[in-house]
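Be aware that the sequence shown starts at 5, since it is given in our numbering, and climbs by one per residue.
Backbone N, C-alpha and C fix where the C-beta goes; we use that ideal spot for every residue, glycine too.
Take a look at the structure set out below.
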Amino acid sequence: MSAADIHQMGVAELAAAIADKKTSSVEAAQHLLARAKQHSGLGAYLAFNEDASLAQARAADARIAAGERTPLLGVPLAHKDIFVTRDFTTTAGSKMLEGYQSPFDATVVRQLAEAGAVTLGKLNCDEFAMGSGNDNSAYGPAHNPWDVSRIPGGSSGGSAAVVAARLAPAATGTDTGGSIRQPAAFCGITGIKPTYGRCSRYGMVAFASSLDQAGPMARSAADCAALLTAMAGPDLDRDSTSLDRPAEDYSAGMLKPLADATAAQPLKGLRIGLPKEFFGAGCAPDVLAAVRAALSEYEKLGATLVDIALPRTELSIPVYYVIAPAEASSNLSRFDGVKFGHRAAQYDDLIDMYKKSRSEGFGPEVQRRIMIGTYVLSHGYYDAYYLKAQQIRRLIAQDFQQAFSQCDVIAGPVAPTVAWKIGEKSDDPVANYLADIYTLSTSLAGLPGMSVPAGFGAGNMPVGLQLVGNYFDESRLLGVAHAFQQATDWHTRSPEAFA
């Protein structure tokens with residue numbers, strides 16, 4: 005097998021090649037590590053530990069030699085630098101944690117390792133996952149492989165970039181307000197945010213605790229299903245927000261046919277809801293055209309399109325940017341220069357050390373959100389802002405439940421535009437926030453959502469179709485995406501510069 009074959013393979017294909025001895029986990033890891041270093045200008049990786057990676061690969065090859073065969077055994081992947089790892093540094097994209105090495109692995113990292121996956125390295129992200137473009141990273145921006153002058157999306161921009169550039173067949177990401185779905189859309193890959201609480205948050209550097217959720221990013225829905233099967237499940241002893249629901253086999257669940265399905269129309273009987281708020285003047289014509297074409301394909305597959313309403317969609321932006329900064333203000337208070345994290349070199353007293361350490365360690369966007377969060381939680385403003393935002397959040401969740409009484413899955417664009425130029429919105433935080441209009445409400449409601457490659461828009465940049473399901477409906481979401489990917493080839497396209 006040629007080296008080029010290795011990096012063009014997805015998760016399932018590479019796992020089969022390793023299991024069938026056409027290549028080995030060590031060979032795959034060595035090739036992808038060399039390729040990652042060859043394309044270091046993409047800015048996607050923040051940390052490597054080649055000795056640790058190859059040790060994991062040798063252990064996977066030994067398991068295969070002993071007769072073991074599982075869906076992820078020997079497959080190399082990479083982790084967003086928001087998950088702590090024992091063998092790799094964890095910075096969360098911040099100078100505050102520069103050089104930090106955790107004494108343990110995050111639950112998601114551990115579970116994937118137990119499934120046989122091999123860690124290649126840690127991936128660039130917006131600082132503490134705060135951003136929509138990966139240009140808030142303290143270590144420089146990651147670049148979009150389709151056009152390196154553009155953002156890959158954020159905050160899981162490094163994760164999306166490595167999968168799109170064929171530097172890894174899959175990666176982990178986290179989604180607080182759209183940070184798996186939006187970069188997946190901008191880079192032309194598949195990503196899913198499961199129901200809140202499905203994947204453990206233990207060992208995930210916290211941004212907004214009631215919103216953060218881990219999920220897989222890969223080339224196809226089938227690959228995401230295999231990854232999510234390993235990642236999801238209860239972790240009640242370590243994570244108080246973990247759901248007490250048994251792990252599922254999403255690969256098997258997504259192939260369960262609909263009652264009315266036929267070979268020609270595998271989605272016959274499926275009702276896809278189209279929120280009128282997602283298809284208005286705020287969405288660019290090129291994005292709408294790609295999304296409409298994808299929906300037409302769904303009709304050919306037997307699905308029925310249903311008009312629905314999510315009337316509080318616009319309120320999701322102010323609600324999110326009250327709740328998320330408030331939780332960030334609380335979570336990031338631990339980074340004070342005392343026990344761990346950056347400490348200023350010179351200071352006069354304890355208070356001066358706090359001020360200087362945090363001012364030096366945190367970047368502008370993190371400081372902005374801490375200030376907003378502290379303000380809305382302060383005496384006299386809690387009821388007016390934070391409490392009111394939580395009340396509206398409940399109403400947003402109720403809107404979705406009303407919509408699901410009329411449909412099975414909700415569909416629409418992931419973002420109003422294709423990926424923009426790096427730095428284009430750096431001086432306008434509000435413009436960045438508005439780009440999350442179609443993803444925030446799903447996160448506020450705690451629902452599962454995913455992005456599926458659906459074509460190309462302006463500048464030949466990828467467009468993603470967003471699919472949203474009801475609580476614990478990940479298998480159906482993955483199945484709906486898989487049926488689309490069986491009929492189209494958007495998810496197989498890759499940028500020529502990284503072939």
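Where residue i falls: helix, strand or coil (DSSP)
| i | result |
| --- | --- |
| K84 | strand |
| G219 | strand |
| L471 | strand |
| V152 | coil |
| M235 | helix |
| I193 | coil |
| D340 | coil |
| M5 | coil |
| G459 | strand |
| M134 | coil |
| P198 | coil |
| P466 | strand |
| V209 | coil |
| M13 | coil |
| Q105 | strand |
| M93 | Residue identity differs from the one stated: residue 93 is Thr in this sequence, not Met. T93: strand per DSSP, three-state reduction. |
| M100 | helix |
| G71 | coil |
| C228 | helix |
| T266 | coil |
| A117 | helix |
| N140 | coil |
| R242 | coil |
| L481 | helix |
Residue of the options minimising C-alpha distance to residue i
| i | options | result |
| --- | --- | --- |
| L299 | Q42, G468, A263 | G468 |
| G125 | S141, S106, G144, A175 | A175 |
| E301 | K99, A458, G463, A236 | A458 |
| A165 | L240, S44, G71, E118 | S44 |
| V30 | A51, L81, L309, A222 | L81 |
| P198 | F211, G144, I184 | I184 |
| D440 | L451, P420, G453 | P420 |
| Q217 | A449, T496, F488, A501 | A449 |
| M235 | N53, K304, A251 | A251 |
| A133 | E369, P279, L305 | E369 |
| F87 | D139, K343, D179, R67 | D179 |
| R242 | S498, M357, Y206 | Y206 |
| G427 | M375, N140, H486 | N140 |
| L271 | Y389, L309, K280 | L309 |
| L391 | Y324, A407, V342 | Y324 |
| F190 | P417, S445, A485, E478 | P417 |
| P220 | Q269, S244, T194 | T194 |
| S163 | P187, V152, S153, K343 | P187 |
| V484 | A210, A61, A226 | A226 |
| D432 | Q105, R39, G135 | G135 |
| G181 | P173, I196, R170 | I196 |
| L262 | A293, D290, L278, L305 | L305 |
| L231 | I327, T446, R202 | R202 |
| A288 | G257, W424, T123 | W424 |
| G78 | E118, D91, M100, L127 | E118 |
| R275 | G473, L37, A51, P499 | G473 |
| R373 | Q406, N335, H383, Y358 | N335 |
Status (buried if at least 16 other CB within 10 Å, exposed otherwise) for residue i
| i | result |
| --- | --- |
| T233 | buried |
| V112 | buried |
| A491 | exposed |
| I355 | exposed |
| H346 | buried |
| Y254 | buried |
| E102 | exposed |
| T317 | buried |
| H147 | buried |
| N464 | exposed |
For residue i: DSSP bridge partner residues
| i | result |
| --- | --- |
| Y49 | L127 |
| K429 | In DSSP, K429 forms no bridge with anything. |
| A174 | A222 |
| C203 | A236 |
| I312 | P279 |
| D493 | DSSP output for D493 lists no bridge partner at all. |
| F488 | For F488, which the question treats as bridged, DSSP gives no partner whatsoever. |
| A179 | The residue asked about is misnamed: residue 179 is Asp in this sequence, not Ala. Paired residues: Q217. |
| V122 | P80 |
| G453 | K197, V472 |
Heavy atom of the ligand NAD within 7 Å of residue i beta-carbon
| i | result |
| --- | --- |
| P250 | Annotation note on the ligand NAD: not contained in the displayed structure, which lists no ligands. |
Short CB-CB distance (under 8 Å) between residue i and chain C
| i | result |
| --- | --- |
| Y351 | Structure shown: chain C not included; a single protein chain is present. |
Quiz prompt | Ranges of the alpha helix (DSSP H) found wholly within the stretch 346-431, counting only runs of at least 4 | solution = 354-365, 368-381, 392-408
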